[in-house]
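In the UniProt record's numbering, the protein residues as written are 1 to 325.
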């Protein structure tokens with residue numbers, strides 16, 4: 001089959017379509033003919049040599065796909081059938097024509113959701129759901145989403161809104177903030193304008209946010225602590241602005257605040273399966289109702305994976321970029 005391989009660490013041009021061995025079907029696996037694969041920032045890090053796949057995962061990128069089940073492992077129960085439409089969370093290998101994936105990491109695509117578009121959801125919904133749970137976000141609280149126009153941020157805004165949370169989100173530029181507001185943000189702020197801390201605090205009646213969902217990392221740490229309400233929780237899920245920073249422990253103590261850091265890809269299988277089960281029970285019904293929907297910026301052929309990565313690096317993507325075999 002064809003897959004996008006990384007010829008060596010480097011810029012987007014190191015991505016090449018090559019023939020690779022067919023995936024091996026394990027007893028608890030589904031074999032999926034891929035309709036689309038989501039492109040994530042983790043894929044860019046892997047291409048650059050900073051985020052190697054975990055043991056046992058294919059060497060080529062891709063953390064989420066949608067497609068059609070074409071075969072079942074011997075131990076797969078009666079829930080799944082050949083021909084089912086699925087979206088799947090992967091440890092790697094999604095940039096390909098076919099994948100095998102453990103059945104308990106798959107979600108059935110609702111009838112009204114376009115199959116290709118569903119590839120934009122598994123990684124984002126699993127990330128958002130697991131982190132909002134880790135932060136114990138409750139209805140009526142205020143969530144601040146940094147990067148509300150991103151692949152994870154666009155889902156976080158929709159899901160938090162659907163769960164009864166007041167959502168403040170940031171994005172770059174008036175058009176992007178308008179679109180983030182249309183997704184459900186109660187307040188959408190242009191991070192390019194000055195004094196973001198002051199504007200967020202003003203938008204929260206100077207309380208601050210109960211939970212901050214942050215993809216920026218070190219560069220935003222000091223401001224994020226100042227943005228927390230008493231008892232607030234900062235959840236760091238990305239390191240776009242670095243991984244090392246000093247922390248004001250006095251401020252952390254004074255706010256009775258918490259800093260939480262999580263990853264998804266490197267979790268053991270049983271933890272990821274539990275997250276997907278929670279998504280299936282609590283988030284996926286909202287997808288079926290159209291209250292949480294995939295936001296797709298562009299669809300590119302598998303052979304244009306390098307262009308998809310360059311598009312992600314441009315900072316112009318709103319939602320997700322998909323690769324279509």
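In this text, a Cβ means the ideal position worked out from N, Cα and C, and glycines have one as well.
Remember, predicted model here, so these are calculated numbers, not experimental data.
Asked: Where residue 141 falls: helix, strand or coil (DSSP); Found: coil
Asked: For residue 188, the three-state DSSP class (helix, strand or coil); Found: strand
Asked: Residue from 209, 247, 205 whose Cα sits closest to the Cα of residue 219; Found: 247
Asked: Whole-angstrom distance between residue 223 and residue 245, CA atom to CA atom; Found: 12 angstroms
Asked: Residues near residue 5 in its chain [Cβ-Cβ closer than 6 angstroms; skip 5 each side]; Found: 16, 18, 60
Asked: Residue nearest to residue 116 in terms of C-alpha spacing, selected from 66, 252, 293; Found: 66
Asked: Short Cβ contact (9 angstroms threshold) for residue 322 with residue 233; Found: no
Asked: Start-to-end residues for the alpha helix (DSSP H) that takes in residue 46; Found: 41–47
Asked: Neighbourhood of residue 257 by C-beta, 6 angstroms cutoff - its chain only, sequence neighbours within 5 removed; Found: 228, 232
Asked: Candidates 133, 298, 102, 160, of which the one nearest residue 77 by Cα; Found: 102
Asked: Three-state secondary structure assigned by DSSP to residue 260; Found: strand
Asked: Residues of its chain near residue 280, where Cβ-Cβ distance is below 7 angstroms and the 5 sequence neighbours each way are ignored; Found: 107
Asked: Selection from 197, 33, 96 that minimises the alpha carbon distance to residue 305; Found: 96
Asked: Span separating the alpha-carbon of residue 254 from that of residue 225; Found: 11 angstroms
Asked: contact_flag[the region 286–295, the region 120–128] where n(CB pairs < 8 angstroms) is 3 or more; Found: yes
Asked: Bounding residues of the alpha helix (DSSP H) (the contiguous stretch that carries residue 7); Found: Taken as a continuous stretch (DSSP letters only), residue 7 belongs to no alpha helix (DSSP H), as it is neither H nor E.
Asked: Exposure of residue 58, with buried meaning 16 or more beta-carbon neighbours within 10 Å; Found: buried
Asked: Cβ neighbour criterion (16 or more within 10 Å) applied to residue 81; Found: exposed
Asked: Those residues which DSSP pairs with residue 170 across a bridge; Found: 189
Asked: Proximity of residue 49 and residue 9 at Cβ, strictly below 9 angstroms; Found: yes
Asked: Beta-carbon proximity check, residue 315 vs residue 172, cutoff 9 angstroms; Found: yes
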